[in-house]
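Peer 1: Residue numbers (my numbering), protein chains in the order written: chain A, 162 to 585; chain B, 162 to 585.
For glycine and all other residues, C-beta sits at the position ideal for the given N, C-alpha and C.
The structure's right below; bear with me while I get my questions together.
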């Protein structure tokens, strides 16, 4: 016999988990579509050259890369951003810009497996390509807000900043060079705390006064988006383009009445060099330890590696695994509803299952018919194990006899309407 | 610059294609769930040993197989059946049987690419594991029937047979051995015609009288399931278990009033040795050339390679690409509705887009806001190219001014209700 094992860092998804994941994906997809975002798909396997791009990053070493049977150097994609850049470049003539796409798909990274980290996992990206203005920035922020609001996940804050703010601020304070190092150090603030960030900056050779200035900047009050904006405007002593952009975004938030869920947080930098405009993270107020549920930002060169046009974009990525963990904590309806079916129809010599099932399905219920060869006891246990709350034990003259598993109550001679009401 | 090319046999899915595919998947998933079938997921990458199983088939040579960075011999899955067997064996204790699962996922085969054949494609499998009786057989048949009925795809026939019929028939006629060869020859009937099947049988060394007997068997009249069943019962001169099973299935069809869409077709064999009970294919009456949209059968040993229990099963596979091709032919609603959104809100200095969009989204519409920097002409072209049928050019005091793209008609001062009515 062959041992039925999976590779280290890979995993099966059991029905109780996969039902939740599919429910969540379906909900998110509907919201994406309601915003005019459309799905695309790209191959999981691509030329290594295409996926590596400029290369040199940590991800290169983590790629599942091999020679295929035709001796092509190929690899499994490690994110959905590089394939998006390749896709937009390859299909440029067939797309209309601004192009709003979402993509939910698996990616592979040969990282050292650890709790919550897998070598195969699902990403969920959404981006707007080919626009650089406040409307496109705002649509991504509004989409994040709408997704999270729809999930009854409790209070959350979208922490927003703009890469240009720190640039302008450092310039004004005469701190030149080391921008990337400063960005990356600040990005660690939530993980390692202020003391450690300061010690990194000191190791990078920044002076005490520079560090003090940076500390002032990232410690600006965050309680009111508008006030922080005015404070920044005062500090920068002018209205640079990043302040103008943030003011436009703030007034759009007010138009939609959602400004209280946004924080202008100057300590948000999103480590990657990649971003050039707004950047954002999303924290749940009661579960900050879960980390950012949804992060992203604006970048000004998506396609430069593959196409003569360097299209700008803005986008985000929902961490589905983190989101599911959070939904489990809050006992959300999406997670609780992992029932295999609404109702089980028993196998019994006294009636036939399929006509009863058809009637109930046509009324919109999820209906399982027990199709094994065991007796009633096993059949009830099957319903219980599969989170099926009701069991039909008889169907005659259009009337159902039903048992509710949780209470053991039996209801006799229910009409279709009565049964549907009870189950829904 | 790097050429943004995809590998031979691989493909991008553009939004107009992917919207259709996602709509179809969503529809099918809802039907699966309404039958108590639950989703699972398994890794795309597995140990080669696990995927190869007994090995030796054509698929072995077609596998994308390589050494990963930890020198493990791994491969991309080439179907969803082997992973199901591994999954059921690995998670045996956590599953309740009969276990009804569906799985929609990509598989990879290094076949020679040709029209309609790709090296990466989506499979859609549904099976019942752990039962061998007419109820489980029938549920798969009813599920196929329900899926196809829901799609307004025109008339179709589910062609059903049972592997045991041919066995019993050959036995009675004293034809022993060569069963697999006869099965595989008959399986080619629709593709190569009767003459060629006969010539294969002759090459296999069957006598003229044997061939004549086989010809009689596969040419039995097919116009009425019940009559063919009686005919077979007469020919076999007894009621072997396969006749009993088919009689039970036939009476279940009658209970559900769907018997006219089923044909007892003794020429259906489904070439693979694998099957042991009923087998079936599904043909569209107006498009038989597309081939079977949904095929499968009963097998009596799913898990024997990985587990001490040899669980029986019955299942099927929907050919999504073929189904989409058929839906395109019939001009089905599922295919026609590839609109990116229901409505586009123009960018205009006279009103703000986001509050208007929010109101329409809350009313259930898919609403895109133009977020580029071009003028009205380009914005209308964007709507047209993205199959968006309506454009909002003004929103004031809760009233919308709307242009219908197809007719160029303009409607002024529509209330929310009026606009929703028009669009839906």
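So, helix, strand or coil for residue 513(B), using DSSP?
Peer 2: Residue 513(B): coil per DSSP, three-state reduction.
Peer 1: Helix, strand or coil, according to DSSP, for residue 354(A) in the structure here?
Peer 2: Helix.
Peer 1: Name the residue from 204(B), 303(B), 169(B) whose alpha carbon lies nearest to the alpha carbon of residue 420(B).
Peer 2: It is 303(B).
Peer 1: Who are the near neighbours of residue 447(A) in its chain, counting only those whose CB is closer than 6 Å to its CB and skipping five residues on each side?
Peer 2: Only 315 meet the Cβ criterion.
Peer 1: Is residue 514(B) close to chain A, meaning its C-beta is less than 8 Å from at least one C-beta of that chain?
Peer 2: By this cut-off, residue 514(B) is an interface position.
Peer 1: Measuring CB atoms only, is the region 549-564 of chain A touching the region 221-229 of chain B, in the sense that at least three cross pairs come out at less than 8 Å?
Peer 2: Short answer: they don't touch.
Peer 1: Kindly give me the distance between the Cβ atoms of residue 473(B) and residue 293(B), rounded to whole angstroms, as I take these residues to be in contact under 8 Å.
Peer 2: Correct: roughly 4 Å between the Cβ atoms.
Peer 1: Using a Cβ-Cβ cut-off of 6 Å (strictly less than) and excluding sequence neighbours within five positions of residue 153(B), which residues of its own chain qualify?
Peer 2: Because chain B here runs from 162 to 585, residue 153(B) falls outside it and cannot be looked at.
Peer 1: Measure the alpha-carbon distance for residue 511(B) versus residue 181(A) and round it to whole angstroms.
Peer 2: Using only the alpha carbons, I get a separation of about 44 Å.
Peer 1: Please list, in chain order, the chain A residues whose beta carbon lies closer than 8 Å to that of residue 437(B).
Peer 2: Per Cβ cutoff of 8 Å: no residues; residue 437(B) is ~18 Å from chain A at best.
Peer 1: May I ask you to list the residues that DSSP assigns as paired with residue 562(A)?
Peer 2: Its beta-bridge partners are 555(A).
Peer 1: For residue 566(A), which option in 545(A), 572(A), 341(A), 558(A) has the closest C-alpha, if you only look at C-alpha atoms?
Peer 2: Of 545(A), 572(A), 341(A), 558(A), the residue nearest in Cα terms is 545(A).
Peer 1: Below 7 Å between beta carbons is the criterion; list the residues of the region 229-244 of chain B that meet it against any residue of chain A, in chain order.
Peer 2: Cβ contacts with chain A: 229, 230, 233, 235.
Peer 1: The alpha helix (DSSP H) spanning residue 306(A) covers which residue range?
Peer 2: Taken as a continuous stretch (DSSP letters only), the alpha helix (DSSP H) holding residue 306(A) covers 295-310.
Peer 1: Is any heavy atom of the ligand COA found at a distance shorter than 7 Å from the C-beta of residue 467(B)?
Peer 2: With respect to the ligand COA, the structure shown offers nothing to examine, as it has no ligands at all.
Peer 1: Comparing the C-beta of residue 485(A) with each C-beta of chain B, is any distance below 8 Å?
Peer 2: Not closer than 8 Å to any Cβ of chain B, the Cβ of residue 485(A) fails to qualify, so no.
Peer 1: May I ask you to list the residues that DSSP assigns as paired with residue 284(A)?
Peer 2: Residue 284(A) pairs with 266(A).
Peer 1: On the three-state DSSP scale, how would you describe residue 180(B)?
Peer 2: DSSP places residue 180(B) in helix when its eight states are reduced to three.
Peer 1: Using the C-alpha atoms, what's the distance from residue 211(B) back to residue 164(A)?
Peer 2: Approximately 8 Å between the Cα atoms of the pair.
Peer 1: Would residue 363(B) and residue 438(B) qualify as a contact pair, given that the criterion is a beta-carbon distance under 8 Å?
Peer 2: Cβ distance not < 8 Å, so residue 363(B) and residue 438(B) don't count as in contact.
Peer 1: Could you have a look at residue 490(B) and say whether DSSP puts it in helix, strand or coil?
Peer 2: Helix, per DSSP.
Peer 1: With burial defined as no fewer than 16 other Cβ atoms inside 10 Å of the residue's Cβ, what is the status of residue 230(B): buried or exposed?
Peer 2: Counting Cβ neighbours within 10 Å, residue 230(B) comes out exposed, since fewer than 16 surround it.
Peer 1: For residue 214(B), return the contacting residues in chain A, with the cut-off set at a CB-CB distance below 8 Å.
Peer 2: Going along chain A in sequence order, the residues near residue 214(B) (Cβ under 8 Å) are 163.
Peer 1: Go ahead and pull the three-state DSSP assignment for residue 242(B).
Peer 2: Reduced to three states, the DSSP call for residue 242(B) is helix.
Peer 1: What's the C-alpha gap between residue 353(B) and residue 200(B)?
Peer 2: If I take the Cα positions, the gap works out to 38 Å.
Peer 1: Where do the ends of the beta strand (DSSP E) carrying residue 443(A) lie?
Peer 2: Run containing residue 443(A): 439-445, per the beta strand (DSSP E) assignment.
Peer 1: So which residues of chain A does residue 501(B) contact, with C-beta pairs closer than 7 Å?
Peer 2: Per Cβ cutoff of 7 Å: 197, 199.
Peer 1: Are the region 233-252 of chain A and the region 190-206 of chain A touching, with three or more C-beta to C-beta distances below 8 Å?
Peer 2: These segments touch.
Peer 1: Tell me which residues of the region 299-330 of chain A have at least one Cβ-Cβ distance to chain B shorter than 9 Å, keeping chain order.
Peer 2: Within the region 299-330 of chain A, the qualifying residues are 299, 300, 303, 307.
Peer 1: What whole-angstrom Cβ distance do residue 341(B) and residue 478(B) have, given they're in contact under 8 Å?
Peer 2: About 21 Å; that fails the 8 Å criterion.
Peer 1: May I ask which residues mark the beginning and end of the alpha helix (DSSP H) holding residue 543(B)?
Peer 2: Residues 537-546.
Peer 1: Is the shortest distance between the beta-carbon of residue 282(B) and the beta-carbons of chain A less than 8 Å?
Peer 2: No - not a single Cβ of chain A is within 8 Å of the one on residue 282(B).
Peer 1: Which residues of chain B have a Cβ atom closer than 8 Å to the Cβ of residue 292(A), listed in chain order?
Peer 2: Within chain B, the residues near residue 292(A) are 532, 533, 534.
Peer 1: What is the C-beta distance between residue 468(B) and residue 253(B), in whole angstroms, given that I count them as a contact (C-beta under 8 Å)?
Peer 2: That belief holds up - the Cβ atoms of residue 468(B) and residue 253(B) are roughly 6 Å apart, short of 8 Å.
Peer 1: What residues in its chain sit with their C-beta under 7 Å from that of residue 348(B), if we drop five residues either side in the sequence?
Peer 2: 430, 431, 432.
Peer 1: Could you give the distance in angstroms between the alpha-carbon of residue 441(B) and the alpha-carbon of residue 280(B)?
Peer 2: Rounded to the nearest angstrom, the two C-alpha atoms are 26 Å apart.
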